[in-house]
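*Asks:* Those protein sequence lines, which keep their order, are chains P and S. Numbering-wise, full-length UniProt numbering puts 48 at position 48 of the first sequence, and it's gapless, one number per residue. Numbering-wise, full-length UniProt numbering puts 4 at position 4 of the second sequence, and it's gapless, one number per residue. Where is the CB? At the ideal position from N, CA and C, for every residue including glycine. None of the values given here were measured: they were computed from a predicted structure. Submitted below is the structure of interest, expressed as structure tokens.
2 protein chains.
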Amino acid sequence: MFTIAQAARRAGCPASTIRYYERVRLLPSARRGTNDYRYYEVADIERLAFVNRARQLGFSIDAVADLLRLADHPHSPCDGVDTLIATQLHSVEKRIRQLQTLAARLRQLQSACDGEHPIRECGILAALSDTRWNEA
Amino acid sequence: MFTIAQAARRAGCPASTIRYYERVRLLPSARRGTNDYRYYEVADIERLAFVNRARQLGFSIDAVADLLRLADHPHSPCDGVDTLIATQLHSVEKRIRQLQTLAARLRQLQSACDGEHPIRECGILAALSDTRWNEA
DNA sequence: TCTTGACTTTGAAGTTACTTCAAGGTTGAT
DNA sequence: ATCAACCTTGAAGTAACTTCAAAGTCAAGA
């Protein structure tokens with residue numbers, strides 16, 4: 001049996017996050033001691049660690065809840081899991097593409113200024129003020 | 001003079017966003033008519049468009065406020081502008097690297113399952129449950 | 001035993017950048 | 001006159017937490 005801080009250390013997240021997951025019902029209510037402290041067993045901590053790993057992969061709380069539900073039904077087919085992973089991968093890839101476009105624009109802006117002149121002559125602000133910007 | 005919806009259309013953002021920017025003081029309070037409607041001139045709309053372009057580049061509201069302040073001082077050197085752009089570019093690049101790591105992990109997970117078996121045998125959930133995960 | 005510091009509890013509010021909603025007033029065209 | 005489409009405000013909702021305040025608990029050392 002572990003206190004919330006011990007569980008947090010083992011699972012690799014703050015105690016406040018564990019309380020939060022309980023509050024939003026991502027995790028079941030923890031067993032309580034007579035002092036009203038939450039106590040966790042190894043199995044609880046493993047589930048929590050599973051949640052943290054999925055969150056680190058960028059899954060939303062709702063998606064993690066789906067994953068947990070799927071993991072709790074060992075006999076059903078795993079298409080659902082595959083779909084969740086694929087969906088997440090697609091959204092990550094899309095976000096990467098957006099950010100790459102962004103980075104390219106920022107680099108372009110950067111090349112419009114050598115830092116050695118007053119703002120009045122700054123190509124960056126000129127570009128940002130240019131109404132033709134949105135065409136680019 | 002334009003109403004808020006007209007200004008919004010010209011600047012390319014919802015009217016609610018303009019009100020929001022005013023509320024958080026990113027933009028000055030708009031001039032009001034006797035009907036209490038907000039009215040905008042071309043210069044106001046240009047400033048709003050500038051804000052929208054910077055936001056589209058991923059600058060936070062605070063950073064946009066900095067950009068506006070800098071743009072309002074045409075005689076000071078433009079190092080500050082350069083720094084803001086560089087900082088933003090670095091954070092975008094960092095985020096891209098994080099997401100690429102994420103995508104690689106998701107692809108790795110994907111390869112652990114061919115979708116043709118029950119969850120009990122699913123390599124994805126096995127990997128997510130594996131305590132050695134965090135080493136990877 | 002007392003104290004001290006580190007833990008625990010709760011509910012509420014703060015974070016970011018908006019969007020949505022409710023309830024009501026204004027405008028312009030028919 | 002009436003109708004749609006606009007405008008106003010303040011408040012609440014969104015995601016996923018984090019931080020805070022106020023108060024109770026516990027373990028160890030003097």
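#1: At which residues does the alpha helix (DSSP H) containing Leu125(S) begin and terminate?
#2: How is the alpha helix (DSSP H) around Leu27(P) delimited, first residue to last?
#3: Rounded to whole angstroms, what's the CA-CA distance from Ala30(P) to Leu27(S)? Just pull it up for me.
#4: Ignore the nearest five residues each way along the sequence and tell me which others in Ala8(P)'s own chain have a CB closer than 8 angstroms to its CB.
#5: Do you know offhand how far Ser111(P)'s Cα is from Glu46(S)'s?
#6: Assuming Ile85(P) is part of the alpha helix (DSSP H), what are its boundary residues?
#7: Verify whether the separation of the beta carbon atoms of Tyr88(P) and Ala126(P) is less than 8 angstroms.
#8: Taking its Cβ as the centre, do 16 or more other Cβ atoms sit within 10 Å of Asp36(P), making it buried, or is it exposed?
#9: Rounded to the nearest angstrom, how far is the Cβ of Glu61(S) from that of Ile124(P), given a contact under 8 angstroms?
#10: How many angstroms separate the CA atom of Gln98(S) from the CA atom of Arg69(P)?
#11: Residues of the segment 38-49 of chain S in Cβ contact with chain P at a cutoff of 8 angstroms, in chain order, please.
#12: Just to confirm, is the Cβ distance from Thr131(S) to Ala54(P) under 8 angstroms?
#13: Which residues of the segment 58-79 of chain S have a Cβ closer than 8 angstroms to any Cβ of chain P? Give them in chain order.
#14: How many Å lie between Arg95(P) and Ser91(S) at the Cα?
#15: Over what stretch of residues does the alpha helix (DSSP H) that includes residue 179(P) continue unbroken?
#16: At a CB-CB cut-off below 8 angstroms, which residues of chain P make contact with Arg95(S)?
#17: So for Tyr21(S), helix, strand or coil by DSSP?
#18: Measure the C-alpha to C-alpha separation of Asp72(S) and Val24(P) and round it to an integer number of angstroms.
#19: Could you check where the alpha helix (DSSP H) with Asn52(S) kicks off and where it finishes?
#20: Tell me the DSSP bridge mates of Arg32(S)?
#21: To the nearest angstrom, how far is it from the Cα of Met1(P) to the Cα of Tyr21(P)?
#22: May I ask which residues mark the beginning and end of the alpha helix (DSSP H) holding Arg9(P)?
#23: Excluding the 5 residues preceding and the 5 following Arg32(S) in the sequence, name in chain order all residues of the same chain whose CB lies nearer than 8 angstroms to its CB.
#24: For Leu57(S), which residues of its own chain have a beta-carbon under 7 angstroms away from its beta-carbon, when the five flanking residues on both sides are left out?
#25: Any beta carbon of chain S sitting closer than 8 angstroms to that of Thr131(P)?
#26: Checking 8 angstroms against the spacing of the C-beta atoms, do Gly115(S) and Asp44(P) come in under that value?
*Replies:* For this structure:
#1: 123-129
#2: Careful: Leu27(P) lies outside any alpha helix (DSSP H) and carries neither H nor E.
#3: Distance from the CA of Ala30(P) to the CA of Leu27(S), rounded to the nearest whole angstrom, comes to 48 angstroms.
#4: Pro14, Ala15, Thr17, Ile18
#5: 23 angstroms
#6: Unbroken alpha helix (DSSP H) run through Ile85(P): 79-110.
#7: It is worth fixing the name first, because residue 88(P) is Gln in this sequence and not Tyr. Result no, Cβ atoms of Gln88(P) and Ala126(P) do not sit closer than 8 angstroms.
#8: It is exposed - the Cβ of Asp36(P) has fewer than 16 other Cβ atoms within 10 Å.
#9: Correcting the residue type first, residue 61(S) is Ile in the shown sequence and not Glu. Not a contact, Cβ separation roughly 19 angstroms.
#10: 28 angstroms
#11: Glu46, Ala49
#12: no
#13: Within the segment 58-79 of chain S, the residues whose Cβ lies closer than 8 angstroms to some Cβ of chain P are Gly58, Leu67, Leu70, Ala71, His73, Pro74, His75, Ser76, Pro77, Cys78, Asp79, listed in chain order.
#14: 14 angstroms
#15: Absent from the model: residue 179(P). The displayed extent of chain P is 1 to 136, so no value can be given.
#16: Leu99
#17: helix
#18: Roughly 46 angstroms separates the two Cα atoms.
#19: 42-56
#20: Arg38(S)
#21: 19 angstroms
#22: 4-11
#23: Arg38, Tyr39
#24: Gln88
#25: yes
#26: Contact flag unset, no.
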